[in-house]
Each structure stands twice: as C-alpha cells, then as structure tokens.
Amino acid sequence: MNTRERLELERLRRENAALEKRVQQSEAAVEILGKASALLDSMARSAASQEPEKAPDPEPGMPEWLRRHPGRHKE
27 MNTRERLELE RLRRENAALE KRVQQSEAAV EILGKASALL DSMARSAASQ
77 EPEKAPDPEP GMPEWLRRHP GRHKE
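Read in order, the letters of the sequence shown are residues 27 to 101 in the numbering used here.
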C-alpha cells in the first residue's frame with residue numbers, strides 16, 4: 027500500500043468513526059423521543075380520565091363570553 031492509499035484509508039476510518047458516533051447519537055435521540063411520547067400519551071390519558079363533566083348547554087341567545095364562563099354571570 028502506498029502513501030496515498032494509506033492516507034485515504036486513514037481518512038475513511040476517521041469518517042467512519044464520526045458517522046458511527048452520529049448513528050449512536052441519533053439512536054439515543056430516537057429512544058428518548060419514544061419515551062417522551064409514551065410519557066405524554068400517558069399524561070394525556072390520565073388528564074382525560076380526570077376531566078370534569080361537561081356543563082349543560084347554555085341558554086339560546088347567551089353571549090359567547092358567558093358560554094365560555096358559565097359560572098360568572100348573574101341573572
């Protein structure tokens with residue numbers, strides 16, 4: 027193997043090592059994102075099961091701002 031080939035081989039080895047490191051980082055990121063997704067899904071399901079019962083439909087003609095805040099108006 028001549029000098030030029032040895033230099034090319036060394037360059038390719040360095041490039042390969044850098045690419046392997048990027049793959050490991052990407053795999054770790056995917057694993058973390060998967061765990062975060064599962065956690066958020068679990069939290070969303072838990073919150074959905076704890077939501078209060080829906081308030082009855084407002085009276086016809088009631089202003090929109092009162093429909094959003096049914097306990098704030100006085101008659």
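Using N, Cα and C, we set each Cβ at its ideal position, and we do this for glycine too.
Quick caveat: nothing in here was measured; it's all calculated off a predicted structure.
May I ask you to report which of helix, strand or coil DSSP gives residue i?
i, result
"N28", "coil"
"Q76", "coil"
"G60", "helix"
Which residues in the same chain as residue i place their Cβ atom closer than 7 Å to its Cβ, once the five residues preceding and following it in sequence are excluded?
i, result
"M69", "none"
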